[in-house]
Structure formats: C-alpha cells, structure tokens
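Numbering (this note's numbering), first residue to last: 1 to 152.
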C-alpha cells in the first residue's frame, strides 16, 4: 500500500499535538528558522542588491521595532503601496513581528479605491514608493483616515 494514501499514518497514532512534536509553520516561525538554518544563504536578489536569510530576518526585526517605537502594535493596520521590492518582502515579516496586520495595496488601483481600502482597514501607517506619490496624494485627500506616510 502506498504510504501517502495510507489513512493510518503511524506518525500520527496516539500523538496529541504538543510542543515536543508539533510546531505550526507561520511566516514568523518560517523566517526565524530560515535565519538560523540558512542564515548565510541568499534569500532575495533584486537588481544589484542581494540579501541573505539572516539579513532579511534582521531587517524585518528592525522594521518591527521601528513600528513599535511609533506606537504601532497588535490590532493596528499598516498599508504598503509598492512594487515587488525587498522592502515589501520584509514588510510581510516585519509588520506581523510588530503585532500589526499588513495591508498590501495593489499598485494598479485608482486613488478612490485606495482611499476606500485605507479607510476600511483603518491604516495607521502607509509605506509608499515615490513612484506612486500622485495616486497616494489623491487617495489621502479622499480618505477619512490620516496615516503616517513613510517613503521607501
């Protein structure tokens, strides 16, 4: 019988989930483990920039710390308007490390839709690339929320 189709998996018999035998894989546990196990291995290449897993982990921790220092934490929303860059990648780890929720905005949306998303998510911080400054300026004129805007 094929082991993969065997419904009586011997590795799950009589084993209640506990710290000794089970650890859920979350983005935060993933990046922490990757930094420990593959710290010197390349995680991201973007143009002429290259970051290892340890670099990515450390940069993400610094982002989390910076967000906490400005009062961002559990239950807060951090929006990000940017292309697929290392900064956006690091935000996927750094924002949850701070306790907040990441709301990545689609760069193809118009200002009215972005304003709606910022309001609906109650964004406290908005990271944005200057490439999208006109759209963001227009969105912020419409939005009820007034997030702290940080250029990346």
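Every residue, glycine too, gets a C-beta built ideally from N, C-alpha and C.
Just so you know, these numbers come straight off a predicted model, no measurement behind them.
Sub-9 Å separation of residue i and residue j beta-carbons
i           : j           : result
residue 67  : residue 125 : yes
residue 110 : residue 130 : no
residue 119 : residue 145 : yes
residue 82  : residue 117 : no
residue 35  : residue 51  : no
residue 98  : residue 72  : yes
residue 91  : residue 123 : no
residue 28  : residue 96  : yes
residue 53  : residue 41  : yes
Under the three-state DSSP convention, the category residue i falls into
i           : result
residue 168 : A question about residue 168 goes unanswered here, because the residues of the chain that appear run from 1 up to 152.
residue 25  : coil
residue 88  : helix
residue 103 : strand
residue 79  : strand
residue 32  : helix
Counted within 10 angstroms of its Cβ, other Cβ atoms place residue i as buried (16 or more) or exposed
i           : result
residue 45  : exposed
residue 70  : exposed
residue 15  : exposed
residue 135 : buried
residue 147 : buried
residue 77  : buried
residue 133 : exposed
residue 105 : buried
residue 20  : exposed
Among the options, nearest to residue i - alpha-carbon criterion
i           : options             : result
residue 127 : 30, 103 and 19      : 103
residue 113 : 93, 97, 139 and 88  : 139
residue 93  : 64, 123 and 145     : 64
residue 87  : 77, 116, 55 and 73  : 55
residue 143 : 25, 133, 115 and 35 : 115
residue 47  : 90, 95 and 85       : 85
residue 75  : 121, 18, 89 and 39  : 121
Every unbroken beta strand (DSSP E) within the region 92–151, with a cutoff of 3 residues, ordered by chain:
101–105, 123–128 and 148–151
To test your reading of the DSSP string, which unbroken beta strand (DSSP E) runs of 3 or more residues are found completely within the region 45–77?
49–52
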